[in-house]
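This report concerns only the one structure given below.
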Amino acid sequence: MKIFYALMAAAALVAIPPAQAGVTVLSAGFDNVGTLSGWLFVNQSSPAGTPWFQGNGGIFPAQAGSGNAYAAANFLSAAQGSGTIDNWLITPLLSLPGAATLSFYTRSAGTPGFSDQLEIRYSTGGSSIGDFSHLLMTVGGASAYPADWQQYTLSADPGGSVRFAFRYTGAAANADYIGLDTLVVNAVPEPAEWLMLAAGLLLVRWRARRRAALPTRLFAAAALLLGAQAATSATAAGQDGMIMVRDEETGAMRPATPAEFAALRAQQLRGPIVPPQVQQRSDGTRQSRVSTRAVYSVAARGADGAISSICVQGAQAAEAALRKGDARPAAEQSKHQSGEHSHERR
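Here it is as structure tokens:
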């Protein structure tokens, strides 16, 4: 008898640092502010003075790169340093299918007695100042502006065309000098996508650890139903998840036959699907707990080619079923008392 079983619902806790996850859609080091392509410089100060400009390495060096490789704004945003500052630096138009993260560094000169203020906003495609109605955060103002380079990572879910904006604002008499450096915008993968990736990586690691204990001839099948978001997407699309079988003769992965698929499909968990709760941590990471327990389907293929299976909860129960050959109810075990045992987990 050859035994195979499939993990029907994965238990996973995944935290993705936004600055490293997903696809980078914009990156700016501000080596030369004058050559920024697609960026908008809009100075609405009253009276208008100097727009955002190349940093001054003599005041403080860049966070990365040469000394002046950062964007800067100061009290002269309003002419002669008198009046009200309203100075905008706006990114190019970006296309984001869903959630995104914005990461950047900023600091002030740290001169006592002054209070700089920077707002981070976004619009859903428009470039007029009035379009930037979404305020993500404010640096400085009521609180002290950092006097050393500090990184901020923000999350947004515009779901389409978007522009981010940095608005230097406040009374010119209270303003001094700020810098902006190392800006990165990442598109964050949907939960179904990164859960599938995480499950694949876990499978590779698990198989590497178990390979020495497995027989040379395997008949292994794995069906991974990504719960929550992934399972919901599969159901809506009329799909049945990802089901592959390792051929016992060639060792290659192939689609399951109708009989193999039916045996696995019959053991799938039923009931309502509860979407995972995605939490936003204070450090900018996102985490989602899919489940706390795993359920395994242990199936047996007899000499007559018939396939039967049972569903057990927990890895220990699955291991016990493999050792005992409990792939059928007790009354039918006498039909499958010999053969090879192997298993594969996903």
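Residue numbers (mature numbering (1 follows the signal peptide of the UniProt record, and there is no 0)): -21 to -1, 1 to 325. Virtual Cβ for every residue (Gly too), placed ideally from N, Cα, C.
Check	Outcome
Which residue wins for smallest C-alpha separation from Arg86, given the options Gly77, Ile99, Gln130?	Gln130
To the nearest angstrom, report how far apart Tyr101 and Gln42 are at their CA atoms.	24 Å
Could you compute how far the alpha carbon of residue 327 sits from the alpha carbon of Pro234?	Since the first residue shown for the chain is -21 and the last is 325, residue 327 is missing from the structure and cannot be characterised.
Return the CA-CA distance between residue 328 and Ala296, expressed in angstroms with no decimal places.	Summary: the structure shown does not reach residue 328, with the chain confined to residues -21 through 325, and so no result is reported for it.
Would you mind listing the beta strand (DSSP E) stretches within the region 78 to 136 that are 3+ residues and don't spill past its ends, in chain order?	79 to 87, 96 to 102, 113 to 119, 129 to 135
Looking at Ala27 and Ala151, is the spacing between their C-beta atoms short of 8 Å?	no
Ends of the beta strand (DSSP E) at Ile38?	Per DSSP, Ile38 belongs to no beta strand (DSSP E) and is neither H nor E.
Compute the distance between the beta-carbons of Ala7 and Pro76, then report whether it is under 8 Å.	no
Could you have a look at Phe32 and say whether DSSP puts it in helix, strand or coil?	strand
Looking only at its own chain, which residues have a Cβ that is under 7 Å from the Cβ of Tyr49, when we skip the five neighbours before and after it?	Phe9, Gly34, Ala41, Gln42, Gly158, Leu159, Asp160
Pull the bridge partners of Gly49 from the DSSP assignment, please.	The identity of residue 49 in the sequence shown is Tyr, whereas the question assumes Gly. Answer by DSSP bridge pairing: none, since Tyr49 is not bridged.
Taking just the CA atoms, how far does Gln59 sit from Leu24?	Going by the sequence as given, residue 24 is Ser instead of Leu. Roughly 11 Å separates the two Cα atoms.
Using a Cβ-Cβ cut-off of 6 Å (strictly less than) and excluding sequence neighbours within five positions of Asp65, which residues of its own chain qualify?	Gln23, Ser24, Thr148
Please classify Asn11: is it buried, with 16 or more other beta-carbons within 10 angstroms of its beta-carbon, or exposed?	exposed
To the nearest angstrom, how far is the alpha carbon of Ser16 from that of Gly120?	30 Å
In whole angstroms, give me the CA-to-CA distance for Thr70 and Trp18.	5 Å
Helix, strand or coil for Ser56? Go by DSSP, reduced to three states.	helix
How should Leu114 be labelled, buried or exposed, when 16 other C-beta atoms within 10 angstroms of its C-beta is the threshold for buried?	exposed
Spatial neighbours of Trp67 within its chain, please: C-beta separation below 6 Å, excluding the five flanking residues on both sides.	Val21, Ala144, Arg146
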